[in-house]
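Visitor: For reference, the structure I am asking about is given below.
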C-alpha cells in the first residue's frame with residue numbers, strides 16, 4: 083500500500099535534492115569551452131551561413147571589397163536527451179536519504195557533461211562540411227588555395243611540426259595568407275606523455291644530444307579523457323583566436339531538475355516511487371576546416 087507522505091514533506095525533500103543537484107553542476111569539466119563556442123538556440127533546426135575565407139583587408143580602389151556568405155550553411159538539428167532517478171517513497175517516509183546528495187550530484191554531472199560530449203562528438207564524428215566535401219580533407223580547394231587539415235600519422239614531434247606548418251600556411255581563396263597561429267593541442271590520455279614532451283619539455287633529445295625544445299610553449303595542451311577507444315590515437319591542433327572556434331555547440335534547452343512525486347502520479351500509484359529527471363536539447367557541429375587539424379585518423 084502506498085505510503086501517505088504530506089506534500090510539504092515532498093517539497094522539502096525536493097529542495098534538498100535540488101540543492102545537491104546544483105552542487106553537482108559546479109563539478110562539471112568545462113575544458114571544451116577552450117575550443118568550442120556555445121550558441122543559444124531558439125528553434126529545432128539552426129542554420130548559420132558561412133564565408134569562403136576571403137576576408138583580408140584590401141586597398142580601397144573603386145568599390146569596397148565585400149565578402150559574401152557564399153559557402154553554403156552549417157545546419158544544426160537539436161536532439162533531445164534525458165536522464166533520471168527514482169527514489170522509493172518508503173525511504174522518504176523512514177528518513178533514509180543519506181545517499182541522496184551523491185545521487186543527485188551525479189545526475190547533475192551527467193546532465194551537464196552532455197555539452198562536452200557533444201563537442202568531442204563533433205570533432206571525432208565530423209562528416210561532410212557545407213561545401214559537400216569531408217570536413218577533414220587532405221585536398222580541399224578554396225579558390226587558389228588548398229586546405230589540408232588531416233593526417234593519418236600518429237602523434238610525434240615531427241607530425242606536430244608538420245601540422246603546425248600546414249596551418250600557418252593556409253591562405254584564402256585569393257591566395258592571401260590567413261595568418262593563423264595554432265594555439266591549442268588536444269590529445270587523449272594515450273598521447274599525454276608524448277604531447278607533454280613536445281609542447282612543455284624544456285630539453286629534448288636530438289640525434290642523441292640534449293637541446294632546447296623549440297616547440298615548448300608553441301601551443302597549450304589539453305588532455306581530453308573522451309579521446310579513448312576508437313579515438314584514442316587521434317590528436318587535434320587548433321586555432322581558437324579567430325572569433326569563431328572549431329566547434330559550435332547549440333544549446334536549445336539545458337535541463338533543470340523536475341519531479342514526478344504526487345500521490346496520483348503513475349509511478350507513485352503503481353510502484354511507490356518518485357521520479358526525478360533532467361531533459362536537455364542540443365547538438366554540435368565542427369565549424370571551419372581551417373581552424374583545426376586532425377591527426378592520427380585512419
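In my numbering, the protein residues as written are 83 to 380.
Idealized CB from N, CA, C, for every residue including glycine.
Note that the coordinates shown come from a computational prediction; the quantities given were computed from them, not determined experimentally.
Would the beta-carbon of residue 366 fall within 8 angstroms of that of residue 338?
Guide: As a position in the chain shown, residue 366 is number 284, starting the count at 1. As a position in the chain shown, residue 338 is number 256, starting the count at 1. For residue 366 and residue 338, no; Cβs fall outside 8 angstroms.
Visitor: Which of helix, strand or coil does DSSP assign to residue 128?
Guide: Position 46 of the chain shown, counting from 1, holds the residue named residue 128. In the structure shown, residue 128 sits in a strand (DSSP, three-state: E or B).
Visitor: Less than 8 angstroms between the C-beta atoms of residue 171 and residue 307, yes or no?
Guide: Counting from one through the chain shown, the residue named residue 171 turns up at place 89. Counting from one through the chain shown, the residue named residue 307 turns up at place 225. For residue 171 and residue 307, no; Cβs fall outside 8 angstroms.
Visitor: Measuring CA to CA, which of 225, 373, 193, 86 is closest to residue 232?
Guide: For the purposes of this step, residue 232 is taken as the residue at position 150 of the chain shown. The shortest Cα separation from residue 232 among 225, 373, 193, 86 belongs to 373.
Visitor: Once DSSP output is grouped into helix, strand and coil, what is the label at residue 278?
Guide: Within the chain shown, numbered from 1, the residue matching residue 278 stands at position 196. Residue 278: helix per DSSP, three-state reduction.
Visitor: Measure the CB-CB distance between residue 241 and residue 118 and report whether it falls below 8 angstroms.
Guide: The residue you call residue 241 lines up with position 159 of the chain shown. The residue you call residue 118 lines up with position 36 of the chain shown. Not in contact: residue 241 and residue 118 (Cβ atoms no closer than 8 angstroms).
Visitor: I'd like the list of long-range same chain contacts for residue 363, defined as Cβ closer than 6 angstroms, with 5 residues on each side in sequence excluded.
Guide: On the chain shown, position 281 is the one that residue 363 refers to. Answer for residue 363: 160, 162, 334, 335, listed in chain order.
Visitor: Spell out the partners DSSP gives residue 320 in its beta bridges.
Guide: As a working note, residue 320 is residue 238 in the chain shown. Partner(s): 266, 374.
Visitor: Straight-line CA distance for residue 89 to residue 104?
Guide: On the chain shown, position 7 is the one that residue 89 refers to. On the chain shown, position 22 is the one that residue 104 refers to. Distance between the alpha carbons of residue 89 and residue 104: 22 angstroms.
Visitor: Apart from the five residues on each side of it in sequence, which residues of its chain come closer than 6 angstroms, Cβ to Cβ, to residue 183?
Guide: Your numbering for residue 183 matches position 101 in the chain shown. The answer, listed in chain order, is 102.
Visitor: Determine the closest residue to residue 385 out of 188, 228, 266, 192, with distance taken between C-alpha atoms.
Guide: Limits of the chain in this structure are 83 at one end and 380 at the other, which puts residue 385 out of reach.
Visitor: Hey, out of 92, 91, 93, 378, whose CA is closest to residue 236's CA?
Guide: For the purposes of this step, residue 236 is taken as the residue at position 154 of the chain shown. Considering only alpha carbons, the answer is 378.
Visitor: Would you decide whether residue 164 is buried or exposed? Buried here means 16 or more other CB atoms lie within 10 Å of its CB.
Guide: Position 82 of the chain shown, counting from 1, holds the residue named residue 164. Exposed is the call here.
Visitor: Residues in the same chain with beta-carbon distance under 7 angstroms from residue 253, minus the five sequence neighbours each way, listed in chain order, please.
Guide: Within the chain shown, residue 253 is the residue found at index 171, counting from 1. Closer than 7 angstroms at Cβ, skipping near neighbours: 227, 259, 260.
Visitor: Measuring straight from C-alpha to C-alpha, what distance separates residue 269 and residue 220?
Guide: Position 187 of the chain shown, counted from the first residue, corresponds to residue 269. Position 138 of the chain shown, counted from the first residue, corresponds to residue 220. Distance between the alpha carbons of residue 269 and residue 220: 20 angstroms.
Visitor: Check the DSSP bridge columns for residue 228 and list the partner residues they point to.
Guide: Reading the chain shown from its first residue, position 146 is the one you call residue 228. The partner list for residue 228 (beta bridge, DSSP) reads 223.
Visitor: Tell me which residues share the same chain as residue 317 and place their Cβ nearer than 6 angstroms to its Cβ, disregarding the 5 neighbours each side in the sequence.
Guide: On the chain shown, residue 317 is found 235 positions in, with the first residue counted as 1. 237, 269, 273, 377, 378.
Visitor: Taking all protein chains shown into account, decide if residue 207 is buried (16 or more other Cβ within 10 angstroms of its Cβ) or exposed.
Guide: Sequence index remark: in the chain shown, residue 207 carries index 125 (1-based). Residue 207 is exposed by the Cβ-count criterion.
Visitor: Given residue 64, which residues of its chain have a CB within under 7 angstroms of its CB, disregarding the five upstream and five downstream residues?
Guide: In the structure displayed, the chain extends from 83 to 380; residue 64 sits before or after that span and is not available.
Visitor: Closer than 6 angstroms by C-beta to residue 239: which residues in its own chain qualify, once you throw out the five before and the five after it? Chain order, please.
Guide: Within the chain shown, numbered from 1, the residue matching residue 239 stands at position 157. Taken in chain order, the residues that qualify are 280.
Visitor: Report yes if the C-beta distance between residue 106 and residue 179 is below 8 angstroms; otherwise report no.
Guide: Counting from 1 along the chain shown, the entry for residue 106 is found at position 24. Counting from 1 along the chain shown, the entry for residue 179 is found at position 97. No. Outside cutoff.
Visitor: Please name the residue or residues paired with residue 294 in a DSSP beta bridge.
Guide: Here residue 294 refers to the residue found at position 212 of the chain shown. Residue 294 pairs with 285.
Visitor: Given a cut-off of 8 angstroms on the beta-carbon distance, is the pair residue 127 and residue 158 in contact?
Guide: Position 45 of the chain shown holds residue 127. Position 76 of the chain shown holds residue 158. Contact: yes.
Visitor: How about residue 250 and residue 375: are their beta carbons less than 8 angstroms apart?
Guide: Here residue 250 refers to the residue found at position 168 of the chain shown. Here residue 375 refers to the residue found at position 293 of the chain shown. No.
Visitor: From what residue to what residue does the beta strand (DSSP E) around residue 90 run?
Guide: For this step, residue 90 is matched to residue 8 along the chain shown. That residue, residue 90, is in no beta strand (DSSP E); its alpha helix (DSSP H) goes 89-107.
Visitor: At the level of alpha carbons, what is the spacing between residue 234 and residue 380?
Guide: Locating residue 234 in the chain shown gives position 152, where the first residue counts as 1. Locating residue 380 in the chain shown gives position 298, where the first residue counts as 1. Approximately 5 angstroms between the Cα atoms of the pair.
Visitor: Tell whether a beta-carbon distance below 8 angstroms holds between residue 371 and residue 217.
Guide: Numbered from 1 along the chain shown, position 289 holds the residue referred to as residue 371. Numbered from 1 along the chain shown, position 135 holds the residue referred to as residue 217. Yes, the Cβ-Cβ distance between residue 371 and residue 217 is below 8 angstroms.
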